[in-house]
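Data block below; observations after.
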Amino acid sequence: DSVKFVVKIKAESDDDEFVELLFEMADVRFVATSGNVRAELLWGENVSAIKRSSVDVSLSLKKDNRISIDYEVYVPQDCNLKIENRFGDVVMSDLKSKFYLKLFHGDLKAESIFDARSVEVKYGRVDVEEIIKGNFDLSFGKMNIQHAQDLAIDCSASEISLGEVGTLVLKSSNDDVDIDLISKLSGSSTLSDIYVQQLGSALDFNFKLGDIRVRKIESNFTSIRITGYNADVDLGFKPNSNFQFDVELENSKGFIYPENLVEINSDETLSKKRMMEGQYGKSNGSSVVIQLKASNVRWNSIAN
């Protein structure tokens, strides 16, 4: 069981003295303590503050002046890994231990992650083939995860694409979220559009100023609860679905449902609120509860 670091530093400039200065400022240090090994970049700490500021300005203004610092880290699969990185990508294969990441202006690419305890990415992209458990914080980025068992995602101004997911707790703000197949989805969103191709078991969500469309809901789902305001809700139920429902719509823009499959047991209007109870197909243990303001609601009957 060992840890190996390979650090590659590349500096470019038309001025040879400036190249030497860049190499001088890139001070990579390795620290080993009991049970931990750390590689750390100390940028410009061995030069004056004035010189460091001058170099930073030159790097930002002149395209011919650049420096790249790449790390290759070899660790056992069961080694806990913590990474903080700016302006660079993190690429990994399989990790079967706890993973912590803070990544700004860079991408994360991984084949398999067992336990992403905390992954924060800003201005970057996340591409993961498989993850067992993960907690993600994504801002101004993109995410593509093919398979996941247990996810928690806090995202803003991002594009989220998920394949097959077991459980997802989502907190979203101004995002586009696309999910192929999910068993349980819960959370809240503001100014986000959420599309689910297929829902298996449960949905519990609060929407504000956004849209949600679930194309296909399995007939053996357990519960659906939707609350919020200024939301467009489009749900697709199979013809053999059976559930009881409780719908409250205030200042509703519209409620459309397949009348041949829905039986309304009570329909009352109080002030600007319409309250309905009934059943879709035959009543059983499944339930749908919708409480919305100034929203459109549509139920569709879809083919099996």
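Okay, so the sequence shown: first residue is 18 according to the numbering used here, each after it adds one.
Beta carbons are placed, not taken as given, at the ideal position from N, Cα and C, and that holds for glycine.
Everything numeric in this text was worked out from a predicted model, so none of it was measured.
### Task
Starting from residue 313, follow its DSSP beta bridges and name the residues at the other end.
249 and 271
### Query
How would you write the range of the alpha helix (DSSP H) that residue 66 sits in, first residue to last?
66-78
### Residues of its chain near residue 264, where Cβ-Cβ distance is below 6 Å and the 5 sequence neighbours each way are ignored
293 and 307
#### Entry: Contacting residues, own chain, Cβ-Cβ under 7 Å from residue 108 (five flanking each side not counted)
126
### Query
Does the region 88-106 touch the region 61-78, meaning 3 or more C-beta pairs lie closer than 8 Å?
no
### Query
Is residue 34 helix, strand or coil when you go by DSSP?
helix
#### Entry: residue 88 - partner residues in DSSP beta bridges
24
### Query
Taking the alpha-carbon positions, what's the residue 38 to residue 123 distance?
25 Å
### Task
Provide the residue(s) that pair with residue 297 in DSSP beta bridges, ordered along the chain.
260 and 279
### Task
Output the boundary residues of the beta strand (DSSP E) element that contains residue 140.
From DSSP, residue 140 is part of no beta strand (DSSP E); its letter is neither H nor E.
### Message
Tell me the residue span of the beta strand (DSSP E) that contains residue 163.
### Response
159-173
#### Entry: Contact belief for residue 156 with residue 169 at Cβ below 8 Å, rounded distance in angstroms
Residue 156 to residue 169, Cβ: 15 Å. No contact.
### Query
Rounded C-beta distance between residue 203 and residue 304? I'm assuming under 8 Å.
The pair is not a contact, with the Cβ atoms about 15 Å apart (cut-off 8 Å).
### Query
What residues are listed by DSSP as bridge partners for residue 99?
117
### Task
Would you check if there are 3 or more beta carbon pairs closer than 8 Å linking the region 269-278 to the region 310-318?
yes
### Message
Please return the same chain residues whose Cβ sits closer than 6 Å to the Cβ of residue 215, not counting the five positions on each side in sequence.
### Response
198 and 233
#### Entry: Nonlocal neighbours in the same chain, by C-beta distance under 7 Å from residue 85, ignoring five residues either side
27
### Query
Going straight from the alpha carbon of residue 205 to that of residue 249, what length do you get?
14 Å
#### Entry: DSSP-derived helix/strand/coil call for residue 104
coil
### Message
DSSP three-state label for residue 39, please.
### Response
helix
### Query
Straight-line CA distance for residue 90 to residue 23?
6 Å
### Message
Taking DSSP's pairing of strands, which residues face residue 242 in a bridge?
### Response
221 and 306
### Query
So, using beta-carbon positions, are residue 208 and residue 183 closer together than 8 Å?
no
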